[in-house]
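In what follows, a structure is listed as structure tokens, so that the remarks can point back to it.
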Amino acid sequence: MHSGLNDTERHLAWWHAKQGNAKIVIGTRSSVFSSFADLGLIIIDEEHDGSFKQQDGVRYQARDVATYRAKQQNIPIILGSATPSLETFVNAESGRYNLLSLTERATKVALPTIELIDLTRQPTNDGLSPGMLEAIKATLSKDKQVMLFLNRRGYAPVLYCKDCKQAAKCHRCDSHLTLHRRVNRMRCHHCGYEGQLQTRCGACNSAEMIDVGEGTQRVEDAIALRFPESTVLRIDRDSTSRKGELAEVLEQARSGKADILIGTQLITKGHDFPNVGMVGILEADQGLYSTDFRASEALFQQILQVSGRAGRRDDVGRVFIQTNFPENPFFEKVIKHDFIGFAKDLMKERKAAQFPPFGSFALIRAESPHQAQALQFLRKARHDIQPSDGVRLMDAVPAPMERRAGRYRAQLLLCSHQRSALNHTLALWLHLIATDKEAKKLANSVRWSLDIDPLDHF
Ligand SMILES: [Zn+2]
Ligand SMILES: [Zn+2]
Numbered sequence: 051m052h053s054g055l056n057d058t059e060r061h062l063a064w065w066h067a068k069q070g071n072a073k074i075v076i077g078t079r080s081s082v083f084s085s086f087a088d089l090g091l092i093i094i095d096e097e098h099d100g101s102f103k104q105q106d107g108v109r110y111q112a113r114d115v116a117t118y119r120a121k122q123q124n125i126p127i128i129l130g131s132a133t134p135s136l137e138t139f140v141n142a143e144s145g146r147y148n149l150l151s152l153t154e155r156a157t158k159v160a161l162p163t164i165e166l167i168d169l170t171r172q173p174t175n176d177g178l179s180p181g182m183l184e185a186i187k188a189t190l191s192k193d194k195q196v197m198l199f200l201n202r203r204g205y206a207p208v209l210y211c212k213d214c215k216q217a218a219k220c221h222r223c224d225s226h227l228t229l230h231r232r233v234n235r236m237r238c239h240h241c242g243y244e245g246q247l248q249t250r251c252g253a254c255n256s257a258e259m260i261d262v263g264e265g266t267q268r269v270e271d272a273i274a275l276r277f278p279e280s281t282v283l284r285i286d287r288d289s290t291s292r293k294g295e296l297a298e299v300l301e302q303a304r305s306g307k308a309d310i311l312i313g314t315q316l317i318t319k320g321h322d323f324p325n326v327g328m329v330g331i332l333e334a335d336q337g338l339y340s341t342d343f344r345a346s347e348a349l350f351q352q353i354l355q356v357s358g359r360a361g362r363r364d365d366v367g368r369v370f371i372q373t374n375f376p377e378n379p380f381f382e383k384v385i386k387h388d389f390i391g392f393a394k395d396l397m398k399e400r401k402a403a404q405f406p407p408f409g410s411f412a413l414i415r416a417e418s419p420h421q422a423q424a425l426q427f428l429r430k431a432r433h434d435i436q437p438s439d440g441v442r443l444m445d446a447v448p449a450p451m452e453r454r455a456g457r458y459r460a461q462l463l464l465c466s467h468q469r470s471a472l473n474h475t476l477a478l479w480l481h482l483i484a485t486d487k488e489a490k491k492l493a494n495s496v497r498w499s500l501d502i503d504p505l506d507h508f
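Per our numbering, residue 51 is the first one in the sequence shown, and the count goes up by one each step.
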């Protein structure tokens, strides 16, 4: 069961599950709500994956819903991952969950070696360092495929005026426009806005516009130029937008027809490319110094996931990571594939700060076409909320990216080391919003939502 089904197919699948004709149901996030005749076991694979959380509309975490269902029906649930979420890891450590460790890989192949390329000593050209280029050459000479990972599509993330230093910005978001060279368009990756390539600066009319930074398209061009004999395949949302195109491209990659694969996170998830001998991670630094406290956890998970694509069958794979911070202790653990060690360090930090999973967060988000309105609603909410013991209220603040798709966004964070206290506090406030005339009126003037256990804080 997945979003690609049409209504008839979906209905049929639902019916087969409900009637018990289907003995095994395999599904994506929303299939957690399926009806079953006689459910006996739930398995959540890659349980750490953020896509289990629905981020809009009805916000829910499918993994947690599944855990709840299993408990309700008194059946076992298995959460599987090589890089478990800290939430799950804490439950396993404390004995609430049984920890089953797999000490061997599915195939007998050893884990890939992970090496760092120090960008402070090796500057990049089009996102590629001399060390990375050399590794690519060596891999190709052994008739192995190369996979390059860069989580940024488009050609260049910023188009910049040389004269007045202004960047081309989306007029609806607080964000740069990404240059898409193939179609000569500028696109906003936040709201979907698309416009013509700017040849002149919008601020000073200078014609000196330069593109800065790399997306997958630029890397594709640079690689094609340096390795003209090799077939290059780019795998990102732009190259796979038609229905069925992704499956086609993945099959091309798997069959070994392409020598060098360049992709975003689309290539990381569970695909088996038997002939990939090397993985190059072009940029790993963004998650290291992020304001999002979950960024390093996600980065570690992503690195190990991409690394897992190297050397699946008969050979030990090699992984190269370009970074400006090779001395960061984060990489010490990465090189050893020591996610558990990393998770234990991270847990100490989270515990000290009372951050999840040791505390619970709830985020009230509001947005409005009028700048003051979203904040006004949240300030009133902050005033109205009667925090139970142990619940802390932060200030109502503009979102890190305040304007998106023409709407101003603001947020109010609530924290507590006790979930029940947090729930109680929110229930009281929700009751007030439903019954108090003034609060209700203000709430109706903005678009707002309540996110329990928010995964991103934007
Ligand atoms: Zn200018
Ligand atoms: Zn935009």
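Ideal Cβ positions, reconstructed from N, Cα and C, are used throughout, including at glycine. Computed from a predicted structure; not experimentally measured.
- For ligand 1, a non-hydrogen atom lies closer than 8 Å to the CB of residue 215.
- A straight line joining the alpha-carbon of residue 440 with that of residue 133 spans about 31 Å.
- Taking 8 Å as the cut-off, one finds at least one heavy atom of ligand 2 near enough to the beta carbon of residue 240.
- For residue 460, no alpha helix (DSSP H) run applies; the uninterrupted beta strand (DSSP E) run containing it begins and ends at 457-466, by DSSP.
- Just measuring C-alpha positions, the residue of 280, 200, 454, 60 sitting nearest residue 420 is 454.
- For the set 473, 307, 140, the Cα lying nearest the Cα of residue 411 is the one of 473.
- Straight across, the Cα-Cα distance linking residue 357 with residue 422 is about 46 Å.
- In terms of CA proximity to residue 332, 315 leads the group 325, 347, 402, 315.
- The C-alpha of residue 178 lies about 43 Å from the C-alpha of residue 56.
- Counted as a single uninterrupted DSSP element, the stretch harbouring residue 404 is not any beta strand (DSSP E), since DSSP gives it neither H nor E.
- Under the DSSP assignment, residue 57 falls in the alpha helix (DSSP H) whose first and last residues are 57-69.
- Setting aside the 5 residues that flank it on each side, residue 181 is surrounded in the same chain by 167, 172, each with a C-beta closer than 6 Å to its C-beta; the list follows chain order.
- Three or more pairs of CB atoms, one per stretch, sit closer than 8 Å, so the region 200-210 contacts the region 222-231.
- Residue state for residue 132 is assigned as coil, using DSSP reduced to three classes.
- Between residue 402 and residue 496, the CB-CB gap reaches or exceeds 9 Å.
- Distance from the Cα of residue 456 is smallest, within the candidate group 385, 257, 221, for 221.
- Distance from the CA atom of residue 265 to the CA atom of residue 201, rounded to whole angstroms, is 8 Å.
- Buried is the label assigned to residue 383, since at least 16 other Cβ atoms lie within 10 Å of its Cβ.
- Here the distance from the Cβ of residue 455 to the nearest heavy atom of ligand 2 is below 8 Å.
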